[in-house]
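K.L.:
Just so we're aligned, residue 2 is where the sequence shown starts under our numbering, counting upward by one.
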Amino acid sequence: MKKSITLAITGASGAPYALRLLEQLVAAQYDVFVLISSAARVVFATEEDVKIPAQPEAASAFFTERFNASPGQIRVCGKEEWFSPVASGSAAPKQMVVCPCSTGTLSSIAVGACDNLIERAADVVLKERGQLILVTREMPLSSIHLENMLKLSQMGATIMPASPGFYHQPKEISDLIDFVVARILDHLGVDQALMARWGYQNQ
């Protein structure tokens, strides 16, 4: 059975994490439903000088070409595309990553808001007891942020701050990006060779 996953990209800083994660998921032969907020498009243009087409079909073609994906392997869905498979528990992938996850999106998911497809997709994964990973990127954190994280953790979501370690002695910014993406892939059960594991660095 073909593996599928939902990747939501919101307006927090961290576009490089999202691009690297999508690249790795495509390489691992996942079919990826990509959900992109309006703010995320602004962040991509600012941080990566990448202009994502506004139309879902054009955005799908853009990512397919960028990552040399198979036809149909990457499907970008509109923010109100309610007939998308990710909007229904009968069809949605059992795994979803929000990377990066803004604190606004975090709050909306925590209270069960379904005002757009990102929020609805996360709500579906939670109610179906699937795997939801939220890659938060904010500092400092307010009490509201922390309360929302605790609430979602208690619901079964994994809160994974984009907080790279340094024990692997990173030399480039890409090494820090790979650290975070590697940890996401580990939790998804996807084989990765982006970084050496603790205790095996010199073997």
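The C-beta atom is built at its ideal place from N, Cα and C for all residues, glycine as well.
Using three-state DSSP, classify Thr104 as helix, strand or coil.
P.N.:
In the sequence shown, the residue the question calls residue 104 occupies position 103. Thr104 falls in the helix class under three-state DSSP.
K.L.:
Where does Tyr31 land, buried or exposed, given buried means 16+ other C-beta within 10 angstroms?
P.N.:
Taking the first residue of the sequence shown as position 1, residue 31 is located at position 30. It is buried - the Cβ of Tyr31 has at least 16 other Cβ atoms within 10 Å.
K.L.:
Hey, quick one: how far does the alpha helix (DSSP H) through Ile53 stretch, first residue to last?
P.N.:
Residue 53 sits at position 52 when you count from the first residue of the sequence shown. Note, Ile53: premise wrong, no alpha helix (DSSP H); not H, not E.
K.L.:
May I ask you to verify whether the segment 178-189 touches the segment 158-167, counting CB pairs closer than 8 Å and requiring at least 3?
P.N.:
Cβ pair count under 8 Å is three or more, so yes.
K.L.:
Using DSSP bridges, identify the partner residues of Gln96.
P.N.:
Locating residue 96 in the sequence shown gives position 95, counting from the first residue. DSSP lists Gln132 as partners of Gln96.
K.L.:
The ligand PLP and Asp50: does any heavy atom of the ligand fall closer than 8 Å to the residue's C-beta?
P.N.:
This structure does not include the ligand PLP; it has no bound ligands of any sort.
K.L.:
Residues in its own chain within less than 6 Å of Ser5 by CB, not counting five upstream and five downstream?
P.N.:
Counting from one through the sequence shown, the residue named residue 5 turns up at place 4. Within the same chain, Ser5 has close Cβ partners Asp32, Pro94.
K.L.:
Using the Cβ count rule (16 or more neighbours within 10 Å means buried), how would you classify Met150?
P.N.:
The sequence position of residue 150 within the sequence shown is 149, counting from 1. Burial call: buried.
K.L.:
With DSSP collapsed to three states, give me the class of Asp198.
P.N.:
By one-based count along the sequence shown, residue 198 stands at place 197. The sequence given here places Arg at residue 198; Asp does not occur at that position. Coil.
K.L.:
Take the Cβ of Val112 as the centre, count every other Cβ of all protein chains shown within 10 Å, and call the residue buried at 16 or more, exposed below.
P.N.:
Counted from its first residue, the sequence shown places residue 112 at position 111. Exposed, because fewer than 16 other Cβ atoms sit within 10 Å of the Cβ of Val112.
K.L.:
Near Pro54, what residues of its chain come up, given a Cβ to Cβ distance below 6 Å and the 5 sequence neighbours on each side ignored?
P.N.:
Residue numbering aside, residue 54 sits at position 53 when the sequence shown is read from its first letter. Once the five neighbours on either side are set aside, the close Cβ partners of Pro54 are Ala60, Phe63.
K.L.:
What did DSSP end up calling Asp176 once you bin it into helix, strand or coil?
P.N.:
In the sequence shown, counting from the first residue as 1, residue 176 sits at position 175. Of the three classes helix, strand and coil, the one that applies to Asp176 here is helix, per DSSP.
K.L.:
Could you give the DSSP three-state label for Leu36: helix, strand or coil?
P.N.:
Position 35 of the sequence shown holds residue 36. Correct three-state label for Leu36: strand.
K.L.:
Applying the criterion that 16 or more other CB atoms from any shown protein chain within 10 Å of the CB defines a buried residue, is Glu66 buried or exposed?
P.N.:
Numbered from its first residue, the sequence shown carries residue 66 at position 65. Classification of Glu66: exposed, given that the 10 Å Cβ count is below 16.
K.L.:
Where does Asn117 land, buried or exposed, given buried means 16+ other C-beta within 10 angstroms?
P.N.:
Position 116 of the sequence shown holds residue 117. With 16 or more Cβ atoms within 10 Å of its Cβ, Asn117 is classed as buried.
K.L.:
Go through its chain and collect everything with a Cβ distance to Val126's Cβ below 6 Å, but skip five positions before and after it.
P.N.:
Looking up residue 126 in the sequence shown gives position 125. Within the same chain, Val126 has close Cβ partners Met97, Leu133.
K.L.:
On the DSSP bridge assignment, give the partners of Leu8 in chain order.
P.N.:
Sequence index remark: in the sequence shown, residue 8 carries index 7 (1-based). According to DSSP, Leu8 bridges with Val35, Val98.
K.L.:
Would you mind working out which of Arg130, Ile174, Ile10 sits nearest Thr104, comparing C-alpha positions?
P.N.:
On the sequence shown, residue 104 is found 103 positions in, with the first residue counted as 1. Taking only the C-alpha atoms, the option nearest Thr104 is Ile10.
K.L.:
Under a Cβ-count criterion, where at least 16 other Cβ atoms within 10 Å of its own Cβ denotes burial, should Pro1 be classed as buried or exposed?
P.N.:
Any question about residue 1 goes unanswered here, given that the chain covers just 2 to 204.
K.L.:
Decide if Gln155 is buried, meaning its Cβ has at least 16 other Cβ atoms within 10 Å, or exposed.
P.N.:
Looking up residue 155 in the sequence shown gives position 154. Per the 10 Å Cβ criterion, exposed.
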